[in-house]
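Peer 1: To start, I am sharing the structure in question, which I have written as structure tokens.
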Amino acid sequence: MTDEIKPMGRIKKGWIVTKSAWQVLKMDKELVMLPILSAVVSVITIVGFVATALAGAYLLVNSSISDTITISSRGGDILHLLAIFVIFLLTTFVVNFFGAAITYGAIERFRGNDPTVRSSVAAARRRIAPIAAFSLLTTTIGFALQTLEERVPLAGKIAVWLLNASWSIASMFAVPVIVMSDKTTGPFEATKKSVEIIKKTWGETAVSQIGIGIIQLFAILGWFALYVAVGATAFAIGGTTSMAIFIGTTVVMVVCLLIISIVFSTLSSIAKAAIFYYATTGESPEMFNKQLLREAMTPKKAKKIFG
Numbered sequence: 003m004t005d006e007i008k009p010m011g012r013i014k015k016g017w018i019v020t021k022s023a024w025q026v027l028k029m030d031k032e033l034v035m036l037p038i039l040s041a042v043v044s045v046i047t048i049v050g051f052v053a054t055a056l057a058g059a060y061l062l063v064n065s066s067i068s069d070t071i072t073i074s075s076r077g078g079d080i081l082h083l084l085a086i087f088v089i090f091l092l093t094t095f096v097v098n099f100f101g102a103a104i105t106y107g108a109i110e111r112f113r114g115n116d117p118t119v120r121s122s123v124a125a126a127r128r129r130i131a132p133i134a135a136f137s138l139l140t141t142t143i144g145f146a147l148q149t150l151e152e153r154v155p156l157a158g159k160i161a162v163w164l165l166n167a168s169w170s171i172a173s174m175f176a177v178p179v180i181v182m183s184d185k186t187t188g189p190f191e192a193t194k195k196s197v198e199i200i201k202k203t204w205g206e207t208a209v210s211q212i213g214i215g216i217i218q219l220f221a222i223l224g225w226f227a228l229y230v231a232v233g234a235t236a237f238a239i240g241g242t243t244s245m246a247i248f249i250g251t252t253v254v255m256v257v258c259l260l261i262i263s264i265v266f267s268t269l270s271s272i273a274k275a276a277i278f279y280y281a282t283t284g285e286s287p288e289m290f291n292k293q294l295l296r297e298a299m300t301p302k303k304a305k306k307i308f309g
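Just add 2 to wherever you are in the sequence shown, counting from 1, and you've got my numbering.
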């Protein structure tokens with residue numbers, strides 16, 4: 003692969019990667035359950051934390067202890083920031099945990115095995131401590147950068163955005179490193195190894211993630227165009243029937259968008275797992291284009307960024 007790839011070339015290669023990931027998903031349809039579980043667990047966790055925090059605050063305010071405790075405005079701000087941090091941390095951990103499970107399931111398929119939701123979750127559970135540590139590191143960095151961004155001028159905001167983007171790229175393969183390592187790998191070591199993989203696979207990593215994102219955008223636009231067409235037809239009909247059609251179409255539209263989001267999230271994770279697998283083993287998954295993965299091993303651009 004040359005350093006410069008024509009825009010159409012990127013889209014075409016992204017389409018090839020998407021189809022390859024789809025082949026894996028067709029073999030292991032249960033993998034799509036993992037993003038669903040991630041979303042459900044995230045909602046339950048956040049609701050549970052918020053409910054507990056509100057209940058604790060209510061009991062404190064209505065107890066005799068509240069007469070002897072005063073919280074300053076600054077103290078209230080700190081508690082508010084702490085609550086937001088905890089919510090971010092819990093959400094990040096859940097996403098990373100199930101992301102690790104998807105990675106394990108995909109790589110097991112690449113190895114010729116038959117993964118299940120249970121085996122994939124079990125693999126992530128065996129690495130729950132380093133996943134939690136990495137989630138804490140990621141949340142701390144993200145939270146610090148977000149807090150800093152709110153307090154600096156435009157030039158500072160741009161610098162913070164670049165730092166955040168660099169961190170996101172550098173840590174892209176940290177979770178696969180953690181879940182697939184034979185030994186327990188800490189967050190800093192996992193990030194270091196992730197950067198090494200990024201240096202080797204910069205071209206294909208960018209193509210796969212951007213390409214799948216473009217295909218997802220086309221899918222969303224297609225559904226939205228259909229939604230607008232049906233909605234316009236419903237209003238042209240008029241009366242009670244048109245309202246029923248509009249409401250029904252809206253419900254279907256929302257459900258379809260959720261399905262598209264879940265499916266493409268899974269495809270993106272599978273593609274990332276394929277790149278990780280090839281970079282660490284030198285073997286191309288049967289479902290993926292070997293030449294495309296081989297051309298990914300062009301570290302020049304990544305070295306310009308990460309040294």
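Just so you know, even glycine gets a beta-carbon here, dropped at the ideal spot from N, CA and C. Note that the structure is predicted; figures quoted are calculated from it, not measured.
(1) Identify every run of the alpha helix (DSSP H) within the region 92-178, keeping only runs that are complete inside it and at least 4 residues long; order them along the chain.
(2) Compute the distance between the beta-carbons of F112 and M289, then report whether it is under 9 angstroms.
(3) Note down the Cα distance separating F100 from L156, rounded to an integer number of angstroms.
(4) Please state the DSSP three-state secondary structure of F290.
(5) Check this for me: beta carbons of F220 and T141, under 9 angstroms apart or not?
(6) Cα separation between A53 and A103?
(7) Can you give me the Cβ contacts of V43 inside the same chain, cut-off strictly under 7 angstroms, excluding the 5 residues immediately before and after it?
(8) Tell me, to the nearest whole angstrom, how far the beta carbon of L27 is from that of V19; I am working on the premise that it is less than 8 angstroms.
(9) DSSP on K202, reduced to helix/strand/coil?
(10) Alpha carbon to alpha carbon, how far is Y229 from A246?
(11) Quick one: what does DSSP say T186 is sitting in, helix, strand or coil?
(12) Quick check: what's the CA-CA separation for L259 versus V232?
(13) Apart from the five residues just before and just after F237, which ones in its own chain have a Cβ nearer than 6 angstroms to its Cβ?
(14) According to DSSP, simplified to helix, strand and coil, what is E285?
(15) Are the beta-carbon atoms of I133 and A172 separated by less than 9 angstroms?
(16) If I'm right that I180 touches R129 with Cβ under 8 angstroms, what's the distance once you round it to whole angstroms?
(17) Using 8 angstroms for Cβ pairs, my map puts M29 next to I109. What's the rounded Cβ distance?
(18) Give, in chain order, every unbroken run of the beta strand (DSSP E) that is at least 3 residues long and sits entirely within the region 241-281.
(19) Taking 9 angstroms as the cut-off, decide whether the C-beta atoms of N166 and G144 are in contact.
(20) Is it the case that the Cβ atoms of G50 and I217 are separated by a distance below 9 angstroms?
(21) Run the CB neighbour count on K185, radius 10 Å, all protein chains shown included, and call it buried at 16 or more, exposed below.
(22) Measuring only the C-alpha atoms, how far is S121 from P178?
Peer 2: Let me lay it out:
(1) Correct list: 119-128, 130-151, 156-172.
(2) To locate residue 112, count along the sequence shown from 1; it is residue 110. To locate residue 289, count along the sequence shown from 1; it is residue 287. Yes. Within cutoff.
(3) Taking the first residue of the sequence shown as position 1, residue 100 is located at position 98. Taking the first residue of the sequence shown as position 1, residue 156 is located at position 154. Roughly 36 angstroms separates the two Cα atoms.
(4) Indexing the sequence shown from 1 puts residue 290 at position 288. Three-state result, F290: coil.
(5) Start at 1 with the first residue of the sequence shown, and residue 220 comes out as number 218. Start at 1 with the first residue of the sequence shown, and residue 141 comes out as number 139. No. Outside cutoff.
(6) Working through the sequence shown from its first residue, we reach residue 53 at position 51. Working through the sequence shown from its first residue, we reach residue 103 at position 101. Separation of A53 and A103 (C-alpha to C-alpha, rounded to the nearest whole angstrom) is 28 angstroms.
(7) One-based indexing of the sequence shown puts residue 43 at position 41. Around V43, the same chain offers V96 as residues with beta carbons nearer than 7 angstroms, after the five sequence neighbours per side are excluded.
(8) If you number the sequence shown from 1, residue 27 lands on position 25. If you number the sequence shown from 1, residue 19 lands on position 17. About 13 angstroms; that fails the 8 angstroms criterion.
(9) By 1-based counting over the sequence shown, the position of residue 202 is 200. Helix at K202.
(10) Working through the sequence shown from its first residue, we reach residue 229 at position 227. Working through the sequence shown from its first residue, we reach residue 246 at position 244. Y229 and A246 have their C-alpha atoms some 14 angstroms from each other.
(11) One-based indexing of the sequence shown puts residue 186 at position 184. In the structure shown, T186 falls within a coil segment according to DSSP collapsed to helix, strand and coil.
(12) By one-based count along the sequence shown, residue 259 stands at place 257. By one-based count along the sequence shown, residue 232 stands at place 230. In a straight line, the C-alpha of L259 is about 16 angstroms away from that of V232.
(13) Counting from 1 along the sequence shown, the entry for residue 237 is found at position 235. If you ignore the 5 residues before and after F237, its C-beta comes within less than 6 angstroms of the C-beta of S244, all in its own chain and listed in chain order.
(14) The residue labelled residue 285 in the question sits at position 283 within the sequence shown. Correct three-state label for E285: coil.
(15) As a working mapping, residue 133 is identified with position 131 in the sequence shown. As a working mapping, residue 172 is identified with position 170 in the sequence shown. For I133 and A172, no; Cβs fall outside 9 angstroms.
(16) As a position in the sequence shown, residue 180 is number 178, starting the count at 1. As a position in the sequence shown, residue 129 is number 127, starting the count at 1. Right, the Cβ-Cβ distance comes to about 5 angstroms (below 8 angstroms), so this counts as a contact.
(17) By 1-based counting over the sequence shown, the position of residue 29 is 27. By 1-based counting over the sequence shown, the position of residue 109 is 107. Actually they are not in contact, since the Cβ atoms of M29 and I109 sit about 13 angstroms apart, beyond 8 angstroms.
(18) None, since the region 241-281 contains no complete beta strand (DSSP E) of that length.
(19) To locate residue 166, count along the sequence shown from 1; it is residue 164. To locate residue 144, count along the sequence shown from 1; it is residue 142. A contact, by the Cβ cut-off of 9 angstroms.
(20) Here residue 50 is taken as the residue at index 48 of the sequence shown, counted from 1. Here residue 217 is taken as the residue at index 215 of the sequence shown, counted from 1. Against a cut-off of 9 angstroms, the Cβ pair of I217 and G50 comes out as no contact.
(21) Here residue 185 corresponds to residue number 183 of the sequence shown, with the count starting at 1. Under the 10 Å beta carbon count, K185 is surrounded by fewer than 16 other beta carbons and is classified as exposed.
(22) On the sequence shown, position 119 is the one that residue 121 refers to. On the sequence shown, position 176 is the one that residue 178 refers to. Straight-line Cα distance between these residues: approximately 16 angstroms.
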